[in-house]
Each structure stands twice: as structure tokens, then as C-alpha cells.
Amino acid sequence: MTGGSVVVIGNGMVGQRFVDALRSRDPQGRWRVTVLAEETRPAYDRVRLSAYFDGASDDELNLHTPYDGVELRLGEPVSGVDRARRVVTTATGEYPYDVLVLATGSSAFVPPVDGAGLPGVFVYRTLDDLAAIREHAQGRRTGAVIGGGLLGLEAANALRLLGLTTSVVEFAPRLMPVQVDTAGGAMLRRYVEELGVACHLGVATTGLRPGPDGTVAALELADGTRLDADLVVVAAGIRPRDELARSAGLDVGPRGGVLVDDACRTSDDRIYAVGECAAVEGTCYGLVAPGYAMAEVVADRLVGGAATFPGADTATKLKLLGVDVASFGDAHGTTPGCLDVTYTDPATRVYARLVLSDDATTLLGGVLVGDASAYPTLRASVGGSLPDAPLALLAPAGAAGATAGALPASAQVCSCNAVTRADIDTAIGDGCADVAALKACTRAGTSCGSCVPMLKQLLDAAGVTQSRALCEHFDTSRQELFDIVRVRGIRTFSRLIAEHGRGRGCDICKPVVASILASLGNGHILDGEQASLQDTNDHFLANLQRDGSYSVVPRIPGGEITPEKLIVIGEVARDFQLYTKITGGQRIDLFGARVEQLPQIWRRLVDAGFESGHAYGKALRTVKSCVGSTWCRYGVQDSVGLAIALELRYRGLRGPHKIKSAVSGCARECAEARSKDFGVIATETGWNLYVGGNGGFRPRHADLFATDLSTEALITLIDRFLMYYVRTADRLQRTAAWIEALDGGLDHLRSVIVDDSLGLCAELDAAMARHVQSYSDEWRDVLTDPDRLRRFTSFVNAPDVPDPSITFVTERGQPVPVGGRPPSPEHRQPVTLGLPEVRR
Amino acid sequence: MNTATTVRWHTVCPLGRLDLDRGVAALVDGVQVALFRTTDGLYAIENRDPVTGAYVLSRGIVGSRHGVPTVASPLHKQVYDLRTGDCLDLPGVCVTRHEIRCRDGMVEVRLRQEE
Numbered sequence: 001m002t003g004g005s006v007v008v009i010g011n012g013m014v015g016q017r018f019v020d021a022l023r024s025r026d027p028q029g030r031w032r033v034t035v036l037a038e039e040t041r042p043a044y045d046r047v048r049l050s051a052y053f054d055g056a057s058d059d060e061l062n063l064h065t066p067y068d069g070v071e072l073r074l075g076e077p078v079s080g081v082d083r084a085r086r087v088v089t090t091a092t093g094e095y096p097y098d099v100l101v102l103a104t105g106s107s108a109f110v111p112p113v114d115g116a117g118l119p120g121v122f123v124y125r126t127l128d129d130l131a132a133i134r135e136h137a138q139g140r141r142t143g144a145v146i147g148g149g150l151l152g153l154e155a156a157n158a159l160r161l162l163g164l165t166t167s168v169v170e171f172a173p174r175l176m177p178v179q180v181d182t183a184g185g186a187m188l189r190r191y192v193e194e195l196g197v198a199c200h201l202g203v204a205t206t207g208l209r210p211g212p213d214g215t216v217a218a219l220e221l222a223d224g225t226r227l228d229a230d231l232v233v234v235a236a237g238i239r240p241r242d243e244l245a246r247s248a249g250l251d252v253g254p255r256g257g258v259l260v261d262d263a264c265r266t267s268d269d270r271i272y273a274v275g276e277c278a279a280v281e282g283t284c285y286g287l288v289a290p291g292y293a294m295a296e297v298v299a300d301r302l303v304g305g306a307a308t309f310p311g312a313d314t315a316t317k318l319k320l321l322g323v324d325v326a327s328f329g330d331a332h333g334t335t336p337g338c339l340d341v342t343y344t345d346p347a348t349r350v351y352a353r354l355v356l357s358d359d360a361t362t363l364l365g366g367v368l369v370g371d372a373s374a375y376p377t378l379r380a381s382v383g384g385s386l387p388d389a390p391l392a393l394l395a396p397a398g399a400a401g402a403t404a405g406a407l408p409a410s411a412q413v414c415s416c417n418a419v420t421r422a423d424i425d426t427a428i429g430d431g432c433a434d435v436a437a438l439k440a441c442t443r444a445g446t447s448c449g450s451c452v453p454m455l456k457q458l459l460d461a462a463g464v465t466q467s468r469a470l471c472e473h474f475d476t477s478r479q480e481l482f483d484i485v486r487v488r489g490i491r492t493f494s495r496l497i498a499e500h501g502r503g504r505g506c507d508i509c510k511p512v513v514a515s516i517l518a519s520l521g522n523g524h525i526l527d528g529e530q531a532s533l534q535d536t537n538d539h540f541l542a543n544l545q546r547d548g549s550y551s552v553v554p555r556i557p558g559g560e561i562t563p564e565k566l567i568v569i570g571e572v573a574r575d576f577q578l579y580t581k582i583t584g585g586q587r588i589d590l591f592g593a594r595v596e597q598l599p600q601i602w603r604r605l606v607d608a609g610f611e612s613g614h615a616y617g618k619a620l621r622t623v624k625s626c627v628g629s630t631w632c633r634y635g636v637q638d639s640v641g642l643a644i645a646l647e648l649r650y651r652g653l654r655g656p657h658k659i660k661s662a663v664s665g666c667a668r669e670c671a672e673a674r675s676k677d678f679g680v681i682a683t684e685t686g687w688n689l690y691v692g693g694n695g696g697f698r699p700r701h702a703d704l705f706a707t708d709l710s711t712e713a714l715i716t717l718i719d720r721f722l723m724y725y726v727r728t729a730d731r732l733q734r735t736a737a738w739i740e741a742l743d744g745g746l747d748h749l750r751s752v753i754v755d756d757s758l759g760l761c762a763e764l765d766a767a768m769a770r771h772v773q774s775y776s777d778e779w780r781d782v783l784t785d786p787d788r789l790r791r792f793t794s795f796v797n798a799p800d801v802p803d804p805s806i807t808f809v810t811e812r813g814q815p816v817p818v819g820g821r822p823p824s825p826e827h828r829q830p831v832t833l834g835l836p837e838v839r840r
Numbered sequence: 001m002n003t004a005t006t007v008r009w010h011t012v013c014p015l016g017r018l019d020l021d022r023g024v025a026a027l028v029d030g031v032q033v034a035l036f037r038t039t040d041g042l043y044a045i046e047n048r049d050p051v052t053g054a055y056v057l058s059r060g061i062v063g064s065r066h067g068v069p070t071v072a073s074p075l076h077k078q079v080y081d082l083r084t085g086d087c088l089d090l091p092g093v094c095v096t097r098h099e100i101r102c103r104d105g106m107v108e109v110r111l112r113q114e115e
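Chains as they are written, first to last, in full-length UniProt numbering: chain A, 1 to 840; chain B, 1 to 115.
Shown next as C-alpha cells:
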């Protein structure tokens, strides 16, 4: 049977993957699909569930794709399966099937302890669970997690981010007992406890006790310990949802789960089971990769294929509480006669273990804690020979240098989507010339993303080179130009293009070179030839608006301003008839200034103690702050003071793109620091640094980079982060895209600016010191120089005539332009919206 | 149409007021003109950006594309051929060119009505 009606019960990750897989194999739509889902949300990325607490929207986590011929019925749980009539029953209807696919997933296991049903006790399974946790955490101080496995540590981090003092209770004698060994667990525990999460290991929870309001207030442990906890998350494991199968009389596995064969077929050959609810030949898998493999197997079977479940790769790599942990293959060394190579470095806090075959030639598995950069290469080498000597691989960043080019064709590059090196090489042969194309074509790198560096290496190994040319005038990237200018001491664009480019330059390369020259400290940006390189905003030190007028933004560091200064801004705006608006960066934008008015406006502002806010530059913009511990009853540090110090330190720093920052005085994060290129959030004992956030077209939250830093250590890290970014990012690349593009991403960044792996730190520190020392206000420097001032005229032959095209009307009591108008339709450039083609 | 004004050369400013590879705006007989000086010579086009209607082309970045001298609109970066006024990014879009020359160290402009 290769067509008919298929009913899918469950719209989790695996259920959705089955629909995707069937649709791509059945383009003619011979199978009509009905999906019955218990949750009211369509499929979402449960692996990234915790991203919800980082502010990820439902949309970002959404995995659902609508298809013709697929009906998704949300909030419609199935009550029974009538195998004789081949009908599925819900509260509202009956759905006949030719083939039924069970993708019911699993539920959280809650141990039968006293008080497990109290209000304030949650599981960590669905977006609704997380929303309830967040709501309950409001105004509460302590939290506990029962279960120190993967999910438990994720939950602990979430409670920490919600501002709760958090404990973890684990029955096994170590954290993550399934994935890591004793020594790895000990290293992990050090990391976790340093983040302020207390670990109670090797002890059972005996009961949960309510407080006076009836909600949970404490945990009692078997050793007599009593832990305060206003909120408890139970993450003690999962159980397959096999109740429908049981009541329909299907066979179940010895430890639960719907028993299926290697084709994922249950004891009824019209019914399949996939994902966490299935017990493939008796074994249940709680990871998404095996579930995906099962979904593909069933889709293949429905179109007449003979695929079988290939066995599961249970390799895991994740970042828990900022710590990299990876485990793959025979991590615990259960193969008879196997050999161990371990590496422990208490200084860098790295633990690694490789399990080798008895003749030390074949890699069987391993555990990595603290530094998992070797994971992609090692995991792909399991079952094969080692790509390098064991110790060379285990030393920090060792295998990061080992290239994927040495992998055999059968090695699995992307375990999430079961893509082998041979698949990648075929795609490259078919014309995929970059990572984006490989992702679209093979799906490699589209789930956890850890194999993306390998995709790049495989492109390199295949001899595919991508053009890094900036524009028609330079064959080099911005980073290469930066190095050329720096190393050769080039100070003019004309020399640079004569020696390293061609033609006259353009609106792409000129501002890039202007920015490089400014970053390297070459005097005022309007001096000499540099002036001709500047974009109009930099050229007039103001922001061009649609009608040809400019806006003026004085710096208001940290958003703190005296009443006197506020009055000056009001007076300037009134006297020059400027439209005023409060910006998102906690300052005030004055709109509608003509070029010849700019110096007069600056004069008034500079005399009152203001300076340029660099709103016009690809430069540091603002450091926002919340009011902090000075006033706020929740604040734990002086966020305003730090924001001012940071803004004054980095003011005027030019980079590949604008740079924004914010400082929050407590974990409530009112300054929205995680939406910034670098954001700082106060902790009880110092500062947490986040990097790589942005708003804009593709909003992204910053990643936690370092924790509980002293102010001095924080500034050192930010100095290096900014200077490394300024030196190495591409044109118009914000920090988020820059970090993503770095080989090794955040880990690489950490190794460069924390561990000084490239020996660059002293140079970066010195460069920032030079910047801080040489800073000078660009507005004031124009006001004191007649040669610079002469540019600020309306017409070269009629400097007293204001531009007649700039006129205003009044709207809501303020002047707004009549001169500008939106682009007329005939001049709008058409944009073709294409959908990436997914092939297999 | 007042043909007298279209044929007359107007003295605008000393050549030294034009920076190399940068534009300035001039008001010639009530018409806004963008003047540019490059190593190849002087160029004059209307100052109005035809895409947005704002008078800003004099503030664009001067450069070259495939050997052609160009200016890019500072608003949305469309590139114009300084010799012909044609937009190199949007077919069918162009700006009016005006005549420009240097006499005795002074820049002179003669307006041209578009045919």
C-alpha cells in the first residue's frame, strides 16, 4: 500500500518530522495526512525549550510547516483506537485510517514522594510548563530541582535565570549519570557550584513540605537535610506515553514503550510507532536524533521502501549552565578489554576521556567536560581510527585543529539528521558552494548546529573557495584589509587602493577603509582625504533623514541626565525648531536640522557640557542602564555607574557596524542587556557578561560569556571582545553574525580573549588603551577648526540661503517634514521571494 | 521656457572649494546642482535624488564602477554615472546633467533643460 489515509497521533518534534519526511517522499500526495495533537501549539523545538527563558518566541521555536493534504488538529487528544474498524476516536470525532502512526512522545516521571502534588511543583516538558514556572517564580527566592541529569541541569539554569537561589538533588552519586563518568561528573559539579547552584548528590528526596500559604516551601532529603524551595521542578526522567497502545491491545516493551520492530512497526502491521513512545526491539530512546531516524524509516516504508532503524547514535553535546559537556559512543567504557585515555586539567578545568579498543587503534567513545571543541571530529570518528594521537586530541582545542577532511566517507557528520560525509561530498559535487547551500540541500547543521564548522572544513577540503572580495575594487575581505592597513602602516585610501586594489573606490569600500583608519587612530575623520571616504552621516556628524535634513543626538551616558541639561536640550530644540523624540537607547534625538545649522546646534550643546553621541557612526552607540541598586529595591549592583563608565570608555570606538550595550542591576534585566552586542547583568557577587545580542531585522539574544566577574575583569574582557571584533569582523557584520561565523564560535572567542590562545590579548589591550587615551569629541573638534567648519554650508555659492526644499508642517505640536516622500512605486526594486528547496 | 538662462554660464565658486572626490551643492538660478571634482575632471548633475525626491546627491560617495565615474545616493545608495546621469542600478532612472567648466580658477555651471 503506497497511498491512502494516514493518521498521526502527536505533533511533537518526531511527529512533525514524520510529516515532513512523508511529504518530501510523496510529492504527488498519495497519502492524505491527519495529525491529531494534544497540545494547542503546533510542533516546536523541545530541545531548545530553555530558550523560552532567554526570550525566544513561539515563532522562533516553531517547527511546524503547513502542507497541502495535511490536516493538523490541535488540542484534540485521542481517546481510543479501534483496530478492528481502523478508526481513531477523539472527543469530537472519528478518524478512519489506513495507516496509523503513534508519535505520542513521553511524559515526565514524577516519583511518588509525599507532597509531589503541591502547588509550586512543576515538570519541565512543555512550553506551558515553562510559562507556569515563570509565573510562579515571580517574587519567590528559592528553587530546587529533583534530578541532576541533562534536563535537571537545564531546569536549574532556568531557575537561576529567574533569580532563584537554586539547589539540585540527584539520587545518583554524580551529575548527568547517564552521560558522564565519575571524574567528568566531579568537574561538572565544580562548574555548577561556582555558578551558585548547590548540588546534593547520592541522596533521595523523601518529601515536599508546604508553607503557610499551601504552596511548596521545602524539600526533605533522606540524609535529614531540609532545603528551602518555593518552587520545585521534578526532572527525574521520562516515561513513554504508551497508554493508547496498551488499551488498544498492542504489545509493549518490558520497561514500557510501544514495542516495534526495526521497521518501527507495532504488533499490528497497520500501526507504527516513532520517537520516545516507541521501544525499538525493546529499547526506548529519549533523544531526538533516534526519533528522527524512526520518522524517516516509517515515511520510507509508506512509499514502498524497505528502510530499517539503523541503531541509535546517543551522542550528546550540550552547553549546560555555560559548561560544554559531550558524551559519545561507549562513554562509560563497557566494551570488554577497552582502554582509557584521560586528561584532567584543574587549571583550565577541562576533563576529557577517550575509550579505545583493546589494541588502542579504534575510537569507541568518550566524555568531554569544559571544552567540547573536539566533539564533532571525535564523534564522527567513533568506530574508526583516531584522527590524531590521543593526547593531541584531548589537549584543549586539539581536535578543533584536526580537520574533517580526514574523515571516512561513511562518518556521520550531522548526527541530528543522519548526514554522512559522503552525503556532504555529493552535495558539494552537485554545486553546493557554501554552508547555507549545504544546509538547504542535506539538512546537515540545521538542528543543533555543532557540525557547522565541519561543513566549512569539508567545503575547504573539496577545494571550494568562496569569494571574500569586498567589492570590485578590492579582492580582500575587511579583516584582510584591516591587517594590511595595520601591518603596513598605511594611512590613506589612495595608497591602499593603489597598492592593494583597483579603480577609484565606491560607497562600499570607502566607508570600510574610513572605519579601519578611524579604528587605528588616524586623527579626525574629516581631515584630509579621509573626509571623502565618509558616508554622509559621518561626513556631517549627524544622521541624514528622508527629506535631506539631519538629526542630532548628544551623548547621555547610561541615560542619566541632570535637569539643567534636559532644559538645554529643550531650549536648543525650541530655538532651532527641531522635532524631539526619546530614542530606544535612552537619549534624545533632535530632528530637522539643516547642514548649516549643525555647528550652531553643537555649539549650544557643547557649551552646556554635551558631546557627540556618535548616533551617525558605525561606532559604539549607547550603554543603556536600569536604575540599579541606588534606587531600585531589587537592584544588587550600581548598573548606572557601570553603564556610564563603559559608555565613556568606549565612546567614539568605530567598528564594522554599530555597537550597542546595556547594563542591568539584577536578574530582572530591565535594561534589556541581552538584546545588545555586549550586555552586563549584575549578580550578588559581580557581573555576568553576555555577548552577541541584537534587535533589528533578526533579533537575537546574547549568549552568556563569563560569570560573576569583578568590574576590572569585566572591563578587560569587553576591551578584548570589542577590539577583536573591530579587527576581524566583516563589513556590516554585527557581533552576533561575527561570532556565528568564527570557526568554533563562542568557544573560539573564549579561547582567544580569555585563554589568550592566539597570544593577542596584550595587543588588544594596548589597542583599547590607545583608543581610550586618544578619544576626543568630534563635534568640538569641528567647532574649533575653520577648515572643517566650511563644509557645513547649504550652497557653496549661497551659504546664507537655506535649502528651500526642506520645509515642515506641524503634527502633534512638532515640526515634521513635507519635503520627503516614500519611494514612488515605479522606483521600488522588485524582490523575489524564494523558498529554499529541500532535497534528500 | 527662458532660453537665456539655459545658455548662460554662471560663476559658482573658486575651484579650491571643491574637494577631490566629494560633492558640494550650488544654487544656480534657483536650481539645485550637485558639483563633483574627481581626478578625471568636473561633473555637474541635478542635486535631487529622483528615487526619494530629496535634494541630497551632492552628499553621496564618489567612486567608480567598471571604470565609470560615479556617485551613490546617500539615502538608498543607487549609483549614478556622473558623465551621463544614468542610474546604473535602476533601469530607466536618470538625473539631469548640467555643464561645468573651470575658467581662471573659477568653477562655472551652465544649466541644461532636459530634452
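All C-beta atoms, glycine included, are put in the ideal place defined by N, C-alpha and C.
### Message
Using 8 Å as the cut-off, can you tell me whether the region 736 to 753 of chain A makes contact with the region 216 to 236 of chain A, which would need three or more C-beta pairs spanning the two stretches below that distance?
### Response
Segments in contact, no.
### Query
Going by alpha carbons, who is nearest to B/Gly30 out of A/Pro817, A/Thr807, A/Pro802, A/Glu811?
Residue 30 of chain B sits at position 30 when you count from the first residue of the second sequence. When only C-alpha atoms are compared, the closest one is A/Pro802.
### Query
Using CA coordinates, which residue listed in A/Val487, A/Cys432, A/Arg468 is at the minimum distance from A/Ala462?
The sequence position of residue 462 of chain A within the first sequence is 462, counting from 1. If you compare the alpha carbons of A/Val487, A/Cys432, A/Arg468 with that of A/Ala462, the shortest gap goes to A/Cys432.
### At least three beta-carbon pairs within less than 8 Å, the region 575 to 589 of chain A to the region 73 to 89 of chain B
Not touching, per the Cβ criterion.
### Task
List the residues of chain B whose Cβ lies closer than 8 Å to the Cβ of A/Tyr543, in chain order.
Counted from its first residue, the first sequence places residue 543 of chain A at position 543. Before going further, note that residue 543 of chain A is Asn rather than Tyr in the sequence given. Going along chain B, no residue has its Cβ under 8 Å from A/Asn543, so there is no contact; the nearest lies around 11 Å.
### Query
Based on the DSSP output, what are the partners of A/Ile806 in its beta bridges?
On the first sequence, position 806 is the one that residue 806 of chain A refers to. None, per the DSSP bridge assignment.
### Query
What distance in whole Å lies between the Cβ atoms of A/Leu259 and A/Ala279, which are believed to be in contact at a cut-off of 8 Å?
If you number the first sequence from 1, residue 279 of chain A lands on position 279. If you number the first sequence from 1, residue 259 of chain A lands on position 259. 5 Å between Cβ atoms; contact.
### Query
A/Leu566: which of A/Gly609, A/Val70, A/Ala293 sits nearest, CA to CA?
For the purposes of this step, residue 566 of chain A is identified with residue 566 of the first sequence, where counting begins at 1. Comparing Cα positions, the closest option is A/Gly609.
### Message
Rounded to the nearest angstrom, what separates A/Gly117 and A/Gly55 at their Cα positions?
### Response
Taking the first sequence and counting its residues from 1, the one referred to as residue 117 of chain A is at position 117. Taking the first sequence and counting its residues from 1, the one referred to as residue 55 of chain A is at position 55. Roughly 28 Å separates the two Cα atoms.
### Message
Against chain A, with Cβ distances strictly below 9 Å, would B/Cys13 count as a contact?
### Response
Stepping through the second sequence from its first residue, residue 13 of chain B is reached at position 13. By this cut-off, B/Cys13 is an interface position.
### Message
Between which two residues does the beta strand (DSSP E) holding A/Phe576 run?
### Response
Along the first sequence, one-based indexing puts residue 576 of chain A at 576. Element bounds for A/Phe576: n/a, residue is neither H nor E.
### Query
Can you name the residues of chain A whose CB is closer than 7 Å to the CB of B/Arg17?
Counting from one through the second sequence, the residue named residue 17 of chain B turns up at place 17. Against B/Arg17, the close residues of chain A are Val796, in the order they occur along the chain (beta-carbon pairs closer than 7 Å).
### Query
What do you get for A/Ala654, buried or exposed, if any count of 16 or more other CB atoms within 10 angstroms of its CB means buried?
For the purposes of this step, residue 654 of chain A is taken as residue 654 along the first sequence, with counting starting at 1. Contrary to the premise, residue 654 of chain A reads as Arg rather than Ala in this sequence. Counting the other CB atoms within 10 Å of its CB gives A/Arg654 a total of 16 or more, which places it among the buried residues.
#### Entry: Run of the alpha helix (DSSP H) containing A/Cys277, from where it starts to where it stops
Looking up residue 277 of chain A in the first sequence gives position 277. That residue, A/Cys277, is in no alpha helix (DSSP H); it is neither H nor E in DSSP.
#### Entry: A/Pro240 - partner residues in DSSP beta bridges
In the first sequence, counting from the first residue as 1, residue 240 of chain A sits at position 240. Per DSSP, A/Ser106.
### Query
A/Ser515 CB to nearest chain B CB: under 9 Å?
As a first step, residue 515 of chain A is located in the first sequence; it is residue number 515 there, counting from the start. Interface with chain B (9 Å Cβ-Cβ cutoff): A/Ser515 is excluded.
### Task
In the DSSP assignment, find the unbroken alpha helix (DSSP H) run with A/Met187 in it and report its ends.
Counting from 1 along the first sequence, the entry for residue 187 of chain A is found at position 187. Start and end: 182 to 194.
### Message
Does chain A have any CB closer than 9 Å to the CB of B/Val81?
### Response
As a first step, residue 81 of chain B is located in the second sequence; it is residue number 81 there, counting from the start. Sequence inspection shows Asp at residue 81 of chain B; the Val mentioned does not correspond to that position. Using beta-carbon distances, B/Asp81 does not count as an interface residue toward chain A, since no partner is under 9 Å.
### Where A/Gly548 meets chain B, residues with beta-carbon distance less than 7 Å
Residue numbering aside, residue 548 of chain A sits at position 548 when the first sequence is read from its first letter. Here the neighbours are Ala54, Tyr55, Val56.
### Message
Between A/Gly585 and A/Lys624, how many whole angstroms is the CB-CB distance? I'm expecting something under 8 Å.
### Response
Counted from its first residue, the first sequence places residue 585 of chain A at position 585. Counted from its first residue, the first sequence places residue 624 of chain A at position 624. That pair is a contact at about 6 Å.
### Query
Does any CB atom of chain B fall closer than 9 Å to the CB of A/Leu151?
Counting from 1 along the first sequence, the entry for residue 151 of chain A is found at position 151. So no, A/Leu151 is outside the interface.
### Message
Excluding the 5 residues flanking B/Ile61 on each side, which residues of the same chain have their C-beta closer than 8 Å to its C-beta?
### Response
Along the second sequence, one-based indexing puts residue 61 of chain B at 61. Cβ neighbours of B/Ile61 beyond the five flanking positions: Val71, Ala72, Pro74.
### Query
Any C-beta of chain B sitting closer than 9 Å to the C-beta of A/His756?
Position 756 of the first sequence, counting from 1, holds the residue named residue 756 of chain A. Before going further, note that residue 756 of chain A is Asp rather than His in the sequence given. Under the Cβ distance rule, A/Asp756 does not count among the residues neighbouring chain B, no pair being separated by less than 9 Å.
### Task
Output the boundary residues of the beta strand (DSSP E) element that contains B/Trp9.
For the purposes of this step, residue 9 of chain B is identified with residue 9 of the second sequence, where counting begins at 1. Element bounds for B/Trp9: 9 to 14.
### Query
Got a sec? Which residues, its chain only, sit under 8 Å from A/Gly503 by beta carbon, not counting five neighbours each side?
What you label residue 503 of chain A is simply residue 503 of the first sequence in a count that begins at 1. Excluding sequence neighbours, A/Gly503 sits near Glu472, His473, Ile497.
### Task
May I ask you to report which of helix, strand or coil DSSP gives A/Phe53?
Within the first sequence, numbered from 1, the residue matching residue 53 of chain A stands at position 53. It is helical.
### Query
For A/Ser267, does the three-state DSSP call read helix, strand or coil?
One-based indexing of the first sequence puts residue 267 of chain A at position 267. Look at A/Ser267 here: in three-state DSSP terms it is coil, with no helix or strand label.
### Task
Verify the contact flag: A/Asp262, CB atom, against every heavy atom of the ligand MG, threshold strictly below 8 Å.
Absence of the ligand MG from the depicted structure is noted, as is the absence of any ligand whatsoever, leaving it without description.
### Message
Going residue by residue through the region 14 to 87 of chain B, where are the continuous beta strand (DSSP E) segments of at least 3 residues, counting only ones entirely within it?
### Response
Those beta strand (DSSP E) runs which fall completely within the region 14 to 87 of chain B and span 3+ residues are 22 to 28, 31 to 38, 41 to 46, 61 to 65, 68 to 72, 79 to 81.
### Message
Ignoring anything shorter than 3 residues, give me the beta strand (DSSP E) runs that lie fully in the region 325 to 373 of chain A, in order along the chain.
### Response
Annotation: the region 325 to 373 of chain A contains the following complete segments of the beta strand (DSSP E) (minimum length 3 residues), in chain order: 339 to 345, 350 to 356, 363 to 369.
### Task
Determine, using beta carbons only, whether A/Arg174 and A/Arg189 come nearer to each other than 9 Å.
For the purposes of this step, residue 174 of chain A is identified with residue 174 of the first sequence, where counting begins at 1. For the purposes of this step, residue 189 of chain A is identified with residue 189 of the first sequence, where counting begins at 1. Going by C-beta atoms, A/Arg174 is nearer than 9 Å to A/Arg189.
### Query
A/Lys510 touches chain B at which residues, Cβ-Cβ below 7 Å?
The residue you call residue 510 of chain A lines up with position 510 of the first sequence. The answer, in chain order, is Ile61, Gly63.
### Task
Output, in chain order, the set of chain A residues within a Cβ distance shorter than 7 Å of B/Arg22.
Position 22 of the second sequence holds residue 22 of chain B. B/Arg22 reaches chain A at Ala531, Ser532, counting residues in chain order whose Cβ is nearer than 7 Å.
### Query
What beta strand (DSSP E) runs, 3 residues minimum, are completely inside the region 667 to 707 of chain A?
Fully enclosed beta strand (DSSP E) runs of no fewer than 3 residues occupy 678 to 682, 687 to 691 of the region 667 to 707 of chain A, in order along the chain.
### Message
For chain A, check one thing: does any of its Cβ atoms lie closer than 9 Å to the Cβ of B/Val28?
### Response
Here residue 28 of chain B refers to the residue found at position 28 of the second sequence. Yes, B/Val28 lies at the interface with chain A (some Cβ there is under 9 Å from its Cβ).
### Query
Between A/Ser357, A/Leu159, A/Arg379, A/Gly149, which lies nearest to A/Ala172 when the distance is taken from Cα to Cα?
Residue numbering aside, residue 172 of chain A sits at position 172 when the first sequence is read from its first letter. Of A/Ser357, A/Leu159, A/Arg379, A/Gly149, the residue nearest in Cα terms is A/Gly149.
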